[in-house]
Amino acid sequence: MQQNPFEAFKNAGSRFAEIAEEEFQLAQVNQSVSPLYAALSEHDQSRALRLASELKIHIYENVLAFGLQAQQALRDFTANMAVHIHRKDHSKVGEVLAQLISYLEQINPDALVQEEKGFLSKFFSKQKQSTQEVMTHYKRMSKQIDRLAIQLEHAQMGLLRDFKLLNDLYKLNEQYFAEINVYIAAGELKLVDVKKQLPNIEPTEPMALQQLNDQKMAIEWLDRRLYDMQISREIAIQAAPQIRLMQQTNQLLIDKIQASVMTTIPMWQTQISTLLTMNQQRRVAEAQDKLMRASDELARKNGKMLQMKSKQAGISHSDIDQFKQTQLKLVQDIEETLRVHAKTNDVFESM
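Under the working numbering, the residues of the sequence shown are numbered 5 to 355, in order.
Shown next as structure tokens:
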């Protein structure tokens, strides 16, 4: 057994020594009395000992106020977290993704292949569209897709802000958890200390009996107070994985928007712009070729040269296949992002 280092100060009449000895004696029983106390840092252990020594359990108001500030802070925290959860509306992201898929479904990549009846005749599921109509329709659709991409960027920024806020909430929860632990440990130490002061034999003298009953009542007050704080501690424990789960679902949605949608849309637009430009060049070459063939022999020879260039500028099946793969990947990425978005909504709605 560890020797009491305050033995030499017993006769010194020092109040400081008496307080220090009391704290030392409380610390000796912490391993068996309060495992929570043993898990605290050295600084928090000192705080717990001080709080235990200062607590006057015979004053009901003191017991009632013990740890109340930490409890109120935790209560406000959980209320704010609940408000944050219920205010989050990710439906806008889902609407934007659904619109993107709707626009992409209007495009038939196979119709980009050169046909005898004309190029892009079925590109937008319309029959006998002129080149000007196709280009006008595409430009309008491209602007719509650009607008949706900007909305996704804004949604991603909002998700990033939520991610940071959730991280701040997690840190606050850790602080409240640590604070409530200090008060619970202090209460447990105090409870054991006052129970040790109870007499082994119940007194028969009325006043002494009343004092004993008062002491038992004070112990009951403290016991109930500890129970309340332990409930608050359990709330903090449950809040931690909830916050992390919300962060993970937000992060997954952010990654899907960033890595899949936001990178594939520019690639898709670049490829379709290239294909349309090649088609326009081919039509110009065809027109020039017709004019050349209507002139003299030299013009016909020049027309043959232009025809060769036209073939070089034409759209091949490999170009179409590459574009189809890009469009298919874009649709798959958006559909996967929609699935992640649905899971995110399920997580927030279940809390």
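Ideal placement from N, C-alpha and C gives every residue a C-beta, glycine not left out.
Which residue marks the beginning of the alpha helix (DSSP H) containing residue i, and which one marks its end?
i	result
E65	Y64 to A69
N217	P210 to D259
S57	E46 to E58
L202	No alpha helix (DSSP H) contains L202, which DSSP labels as neither H nor E.
A42	P39 to A43
Closest to residue i by C-alpha separation, out of the options, would be which residue?
i	options	result
R347	Q329, V335, L256 and Y231	According to the sequence provided, residue 347 is Lys. The question's Arg does not apply to it. The candidate whose alpha carbon is nearest that of K347 is L256.
Q219	D259, Y187 and L202	L202
A190	Q329, F70 and W225	F70
E339	L44, L101 and F81	L101
G162	A240, H88 and L40	H88
L334	L59, N283, K260 and S277	K260
S277	I188, R229, A244 and K147	K147
I63	R54, L226 and Y41	L226
S236	D80, E58, L213 and I61	D80
V344	Q262, T253, R144 and Q329	T253
Q234	D337, L108 and L72	L72
E65	N177, R151 and R229	R229
M145	Q179, Q103 and E157	Q103
Q242	L156, A74, N177 and Q155	N177
Q155	G98, N283 and Y107	G98
I61	V196, L108 and E109	V196
V67	E238, L108, Y231 and I205	Y231
Q336	E157, R54 and S106	S106
Q329	Y41, A74, L108 and A42	L108
M85	D172, A74 and A42	D172
Q179	Q262, A74 and E238	A74
A263	P210, N204, E157 and D325	E157
Taking 7 Å as the line, does the beta carbon of residue i fall inside it for any heavy atom of the ligand FMN?
i	result
Y41	Of the ligands one can find in the structure shown there are none, so the ligand FMN has no counterpart to examine.
Check the C-beta distance from residue i over to residue j and give it rounded, since I have them as a contact under 8 Å.
i	j	result
Q251	F167	6 Å
V265	T140	Actually they do not touch by this definition, with Cβ atoms about 26 Å apart.
K96	A153	Their Cβ separation, rounded to whole angstroms, is 14 Å, which puts K96 and A153 out of contact at 8 Å.
Y142	L280	6 Å
L193	A83	The pair is not a contact, with the Cβ atoms about 31 Å apart (cut-off 8 Å).
I247	L170	6 Å
K199	I223	6 Å
L78	A240	6 Å
Q285	F327	Actually they do not touch by this definition, with Cβ atoms about 17 Å apart.
L44	A52	6 Å
Y174	A244	7 Å
Q331	I149	Incorrect: roughly 12 Å between the Cβ atoms, too far for contact.
Fill in: Stretch pair the segment 38-54 + the segment 179-191: three plus CB contacts closer than 8 Å
These segments touch.
Item to complete: Check whether the segment 213-228 touches the segment 258-272, taking contact to mean three or more Cβ pairs, one atom from each stretch, closer than 8 Å.
Response: No: the two stretches stay apart, fewer than three of their Cβ pairs being nearer than 8 Å.
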